[in-house]
Structure formats: C-alpha cells, structure tokens
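Protein chains in written order, with full-length UniProt numbering: chain A, 1 to 135; chain B, 1 to 135.
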C-alpha cells in the first residue's frame with residue numbers, strides 16, 4: 001500500500017475534532033487488542049508505511065505504536081465500517097499491546113454486579129518496556 | 001448479572017457527552033461485528049437484561065439492538081479496557097449485525113491506494129429486516 005490513498009481517506013468520516021476510532025485486532029487469533037484514535041494524517045501514514053500510527057489525544061501528537069516500547073503493530077488489513085466512522089485494523093502485534101504489559105487492553109471482565117475481575121496477567125514488565133521506574 | 005452494578009459502572013470513563021464506545025465481537029468466532037456507543041443507563045440495562053442496548057446518537061434514544069429487525073445481541077461477557085474508556089462486548093449475534101444485511105459492519109477493505117473493496121455480501125434483505133421499501 002503506497003501513496004496517499006485519497007479515495008480511501010475520503011471514505012472515512014472523522015469527528016469534528018478530526019478523529020476516527022480504530023480497533024486493533026490480531027489478524028490470526030481474532031483477539032481484540034485495543035482501541036485508539038487516528039487522524040487523517042496518521043491513517044495515511046499507516047497505509048503508506050504498513051506500521052500502525054495512532055493519534056495520542058493526551059499528547060496531541062502522532063503515536064507510532066511501539067516507537068518507545070518496541071511493541072509495534074504491523075498492518076495486515078484495514079477495514080472501514082458501513083457508515084465510515086470506525087476502522088478495524090487487522091494487525092500483527094509484536095509482544096503486548098497494553099501499556100500494563102498485557103497482551104490486550106481488555107483484561108478486566110464483569111463477573112457479577114459489583115465485580116470487575118482481572119482476567120489476564122502481564123506478560124512483559126512495563127518498566128522494561130518504557131524505561132520508567134516501577135511504582 | 002443483575003442489579004445496577006454501581007462499582008462496575010463507576011470503572012467506566014464516559015466522554016463529556018456521557019458516552020463510551022462499545023465494540024461487539026461474536027463470542028465464539030472472534031468476528032468483530034460493529035462499534036456503537038453506550039450511556040451509563042444503557043450499559044446498566046445491558047448488564048441487567050443480558051440483551052445489548054446501545055445509545056443512538058442520531059435518534060438521541062436507547063437503541064435496543066434488534067428491537068425492530070429481530071437481530072438481537074445476547075451478552076456473553078463484558079470487558080473494560082485499561083483506562084476504562086472503551087468496552088468490549090462478547091455477544092451472540094442473531095442473524096446479521098449490520099443494517100445493510102451483512103454479518104459485520106466492517107465489510108469494506110482497503111486493497112490498494114484507491115481501492116476500498118466490498119468483501120462481504122448481504123445475508124439478509126434490509127427491506128425484510130426493517131420493513132422499508134427497497135431503494
């Protein structure tokens with residue numbers, strides 16, 4: 001996938017803030033890894049490079065997934081939903097997707113009226129991934 | 001799952017508009033079906049009834065999935081992501097999730113710089129699902 005893909009980009013409906021939600025799913029296992037946001041520019045970069053680049057709303061800057069942690073996402077396919085306002089990225093995730101060191105960000109499950117259970121343990125040490133001291 | 005699940009609801013971070021994105025995934029095949037939005041109230045209803053209820057942003061009203069079309073989603077599990085601002089619903093989808101009559105809303109795939117290809121055909125007739133005349 002090369003060039004700016006204008007007709008593909010024009011099929012996407014961005015919010016008033018210029019964002020579109022992007023769901024990342026591991027292409028072979030079907031595991032939903034995370035949901036983040038893209039701008040037109042980071043979507044174009046993702047299509048051009050084949051490396052997933054989100055938009056960090058907190059930092060107000062492109063977020064090249066894995067740039068710090070090494071836990072990159074390679075794009076295998078990109079799908080657009082029926083009304084063009086959500087993306088589904090089929091990716092190959094190196095290591096873990098979640099900043100907590102877990103494979104997926106969706107590691108908490110409702111298991112009763114007052115119970116949100118942790119259903120997955122970290123597979124990597126966040127301090128090692130990000131070079132920050134342990135809490 | 002019964003009662004209002006306050007501690008579970010309090011773990012969810014809603015937007016300033018009172019919404020949270022909810023990804024629906026078929027529980028056994030892993031297929032990502034759709035993404036829609038929930039309010040605190042429709043999330044509570046979903047947990048209480050086991051039937052998925054979104055919030056229709058266009059209608060400004062609860063959207064009990066399948067109420068018109070019969071294509072209901074039964075909740076099998078509900079997961080919350082690491083920062084509490086996205087939900088993953090593991091569901092059992094009756095029939096089709098998409099208003100176009102396709103199983104999933106993500107039926108268009110980027111297949112080149114200018115090509116957004118349709119990769120799935122309708123399995124149901126939208127006119128039959130919604131009782132509206134064909135376009």
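Just so it is clear, CB atoms sit at the ideal spot from N, CA and C, and this is done for glycine as well.
Under DSSP, the alpha helix (DSSP H) around residue i begins and ends at which residues?
i	result
residue 54 of chain A	Unbroken run through residue 54 of chain A is the beta strand (DSSP E), 53 to 56; no alpha helix (DSSP H).
residue 49 of chain B	40 to 49
residue 128 of chain B	126 to 130
Ordered along the chain, which non-local residues of its own chain (more than five positions away) have a Cβ less than 7 Å from that of residue i?
i	result
residue 72 of chain B	51, 65, 66, 94
residue 99 of chain A	126
residue 136 of chain A	For residue 136 of chain A there is no data in the structure shown, the boundaries of chain A being 1 and 135.
residue 69 of chain A	129, 130
residue 7 of chain A	none
residue 74 of chain B	50, 51, 91, 92
residue 15 of chain B	none
residue 122 of chain B	100, 101, 102
residue 2 of chain B	Residue confidence is low: residue 2 of chain B scores 47 on pLDDT, short of 50, so the model does not pin down where it sits. No coordinate-derived value is stated.
Apart from the five residues just before and just after residue i, which ones in its own chain have a Cβ nearer than 6 Å to its Cβ?
i	result
residue 85 of chain A	13
residue 79 of chain A	88
residue 117 of chain B	109, 111
residue 135 of chain B	Confidence at residue 135 of chain B is low in this model, with a pLDDT of 48, below 50, so its placement is unreliable and no value can be given for it.
residue 28 of chain A	none
Considering residue i, what are the terminal residues of the beta strand (DSSP E) in which it resides?
i	result
residue 88 of chain B	87 to 93
residue 21 of chain A	20 to 26
residue 100 of chain A	Neither: residue 100 of chain A is in no beta strand (DSSP E) and is coded neither H nor E.
residue 109 of chain B	108 to 112
residue 61 of chain A	61 to 64
residue 73 of chain A	73 to 80
residue 118 of chain A	115 to 118
Whose C-beta lies closer than 8 Å to the C-beta of residue i among residues of the same chain, with five residues either side of it excluded?
i	result
residue 37 of chain B	19, 20, 21, 22, 54, 55, 57
residue 35 of chain B	21, 22, 23, 24, 105
residue 119 of chain B	107, 108, 109
Nearest to residue i by alpha carbon, out of the options?
i	options	result
residue 108 of chain A	B:42, B:124, B:90	B:90
residue 60 of chain A	A:9, A:69, A:83, A:41	A:41
residue 10 of chain A	A:68, A:106, A:43	A:43
residue 26 of chain A	A:8, A:97, A:123	A:97
residue 63 of chain B	B:39, B:76, B:75	B:39
residue 82 of chain B	A:8, A:16, A:106, A:82	A:106
residue 92 of chain B	B:8, B:16, B:15, B:32	B:32
residue 77 of chain B	B:68, B:30, B:16	B:30
- Check each residue of the stretch 74 to 102 of chain A: if its Cβ is closer than 7 Å to any Cβ of chain B, include it; give the result in chain order. 77, 78, 79, 80, 81, 82, 86, 88, 98, 99, 100
- Return the residues of the stretch 15 to 47 of chain A that lie within a Cβ-Cβ distance of less than 8 Å from chain B, sorted by chain order. 21, 23, 25, 29, 30, 31, 32, 34, 35, 47
- Does the stretch 109 to 120 of chain A come close enough to the stretch 38 to 49 of chain A that 3 or more CB-CB pairs lie under 8 Å? no
- Can you find at least 3 beta carbon pairs, one from the stretch 120 to 130 of chain B and one from the stretch 18 to 33 of chain A, that sit closer than 8 Å? no
- Give, in chain order, every residue of the stretch 106 to 123 of chain B whose Cβ lies closer than 9 Å to some Cβ of chain A. 106, 107, 108, 109, 110, 111, 112, 113, 114, 115, 116, 119
- Message: Tell me which residues of the stretch 57 to 69 of chain B have at least one Cβ-Cβ distance to chain A shorter than 9 Å, keeping chain order.
- Response: none
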